[in-house]
Amino acid sequence: MYRDGMHHTLSNVSEIVTRCIGRLSDVFDTGTRYIGTLSDVCETGTMVEFIEQVISDFSIEFVARMRVKLWCNCEICHAYITTSWSSQFINLCDWYTHLLKKSPTRTIHIHVLGNIITSNPQNVEYMLKTRFDNYPKGKTFSTILGDFLGRGIFNVDGDLWRFQKRMSSLELGKVSIRSYAFEVVKNEIDKRLIPLLDEYKQGGVLLDFQDVFRRFSFDCICRFSFGLDPKCLESSLPISQFALSFDLASKFSAKRAMTTSPIVWKIKRFFNIGSEKELREAIKVINILAQEVIRQKRKLGFSNHRDLLSRFMGSISDETYLRDIVISFLLAGRDTIASALTSFFYVIGNHPEVTKAIREEANRVLGTNEDLTSCEQMSELHYLQACIYESMRLYPPIQFDSKFCLEDDYLPDGTYVKKGTRVTYHPYAMGRMEVLWGCDALEFKPQRWLKDGVFVQENPFKYPVFQGGLRVCLGKEMALVELKSVALSLLRRFHVELAQPCHHIPRFSPGLTASFNGGLLVSVREISP
């Protein structure tokens, strides 16, 4: 009887605390603008560290004391909470892959996160197409990324998303903007990327390709989206305040999703301390630059400009909304391209036969020592496209994507999904499933994408690297143009060698997109005539 009473009391306490935290969370959401004076008081490092520690201790203590509601003793949750999975796996995504392979339905539950994770193509199609309206991005993620992405296309649902999708589809589908994208990429390759590598082709100096590709893609997407050239890939490899702020905003926005509870980062945001203070400062830099670009375009006129922002300005007058739309394109066009290029050169590092085949195909299609001159030529480079798709099968730029269930539901594999549950599909794990790709799933084999020498697409729900259904990536074709252009230009001019063999599994850094911890160090040598 005593135990029953204690259980009842704890349950009531848990419910009360949960409601209080919900209200407190709302207060922190709406009261941030009143923190100016208090943040001045908290400028000293000691005070900041103290408050951060109090917040962290509070969240841990809260979880520990309320474990009747929040704790789960199942094997998977125990491994997650104690991080015991890390004794066998370098990356969390590799542990998830292991669990999904063992699951008969290829679906698992992380109860302490309220998260269902699946690698079942039928479930993916159900979420992204069949019951699309029941699986939106959801308020949780919109809140996490709201300060950074605002009302941009990757952070909204409903009418806002439909409007931006319609506008983006119309613009990105135009031949003129595809030609402009190709022009921007080719210019960046010829004027900056190739000259930079020429400086490193002698002396055996190592170069971090991940850093190079981030700089390259940031220059390209800023010119394409804003009409702004940050010149990150100049030979001196300058530090761009805009690029640095963009990196920090992406990093700390992702960090929000990894906190014990949303209240942790909301408290830090309210007091303007720690990572939330850095996030606020980074976003301030981004906003100032974006507003200045928009102001200058309005002042000088934008009707004849070819960049994406100028095209949107003809239909949208709200400057904050314009900023949100373009920042989302910057995020998509910078980090995903850099991630895909880094992984591509990592994978082919131990496959000289693949590099040779790419060069032979290019000589046959384009002519020996002839460069690409148009997007149309790329459609004939079937083997190169197979290599890029195969690289992203094993190392997708976005390793997982989550939605939130609006109403109680059942997935096609029979999994019950309660209203409000986070449901995640996992492209990284799916690319490693033998049941989907055969017993050689872990091997890099571009030929799996070819039939009689011609590239053949896979079911997008088996290969959801570009998402699928209504939210399929609108910039897919332009992304492929950029990836092929860079890969072809470098491989036909240079021997690229990894500083370390790629027999080991890379360690990934936390972030919105996949990145290698420590970068990708390579040496480059010019190919002899």
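Position one of the sequence shown corresponds to residue 782 (the working numbering), numbered consecutively onward.
Even for Gly, the Cβ is constructed at its ideal location relative to N, Cα and C.
All of these numbers come straight from a predicted model, not from anything done at the bench.
Positions of the beta strand (DSSP E) runs, each at least 3 residues long and wholly inside the stretch 1043-1129, cannot be given because no such run exists. Distances from the alpha-carbon of LYS1184 to those of PHE922, ILE891, GLN1158, LEU881 put PHE922 closest. Between LEU953 and LEU1261, the CB-CB gap reaches or exceeds 9 Å. For SER900, the three-state secondary structure derived from DSSP is coil. Taken atom to atom, the span from the alpha-carbon of LEU1293 to that of THR1123 is near 16 Å. Excluding five sequence positions before and after SER957, the CB atoms of its chain that fall closer than 8 Å to its own CB belong to ARG1087, given in chain order. Going by beta carbons, SER1155 and PHE963 fall inside the 9 Å limit. The beta-carbon separation of LEU1271 and ARG1140, rounded to 11 Å, does not stay under the 8 Å limit for a contact. The continuous beta strand (DSSP E) containing PHE1275 extends over residues 1275-1279. Residue burial is scored here from C-beta neighbours: TYR861 has at least 16 other C-beta atoms within 10 angstroms and is therefore classed as buried.
SER884 sits in coil when the DSSP states are folded into three classes, being neither helix nor strand. Rounded to whole angstroms, the separation of the alpha carbons of VAL1107 and LEU1089 is 8 Å.
DSSP places ARG1203 within a strand segment (E or B) once states are collapsed to three.
For the pair LEU1112 and ARG1104, the Cα-to-Cα distance works out to about 12 Å. Rounded to the nearest angstrom, the gap between the Cα atoms of CYS1003 and ALA1071 is 11 Å. Just measuring C-alpha positions, the residue of ILE1286, SER1296, GLN1281 sitting nearest SER1304 is GLN1281. The way I'd put it, the stretch 925-932 doesn't touch the stretch 1231-1246; fewer than three beta-carbon pairs between them come closer than 8 Å. With respect to ILE1169, ALA1030 sits apart: the two C-beta atoms are not nearer than 9 Å. In this structure PHE1126 touches VAL1277 by the C-beta definition: roughly 6 Å separates them, less than 8 Å.
When Cβ pairs closer than 8 Å are counted between the two stretches, the stretch 1188-1205 is seen to touch the stretch 886-893, the count reaching three or more. Distances from the alpha-carbon of CYS1013 to those of LEU1025, ARG996, GLN1022, ASN1150 put ARG996 closest. A distance below 8 Å between beta-carbons, with the five flanking residues on each side excluded, links GLU1015 to the following residues of its chain, in chain order: ARG973. Residue pairing of TYR1191 in beta bridges, as defined by DSSP: TYR1197. CA-to-CA, the gap between ILE1129 and THR1136 works out to about 7 Å.
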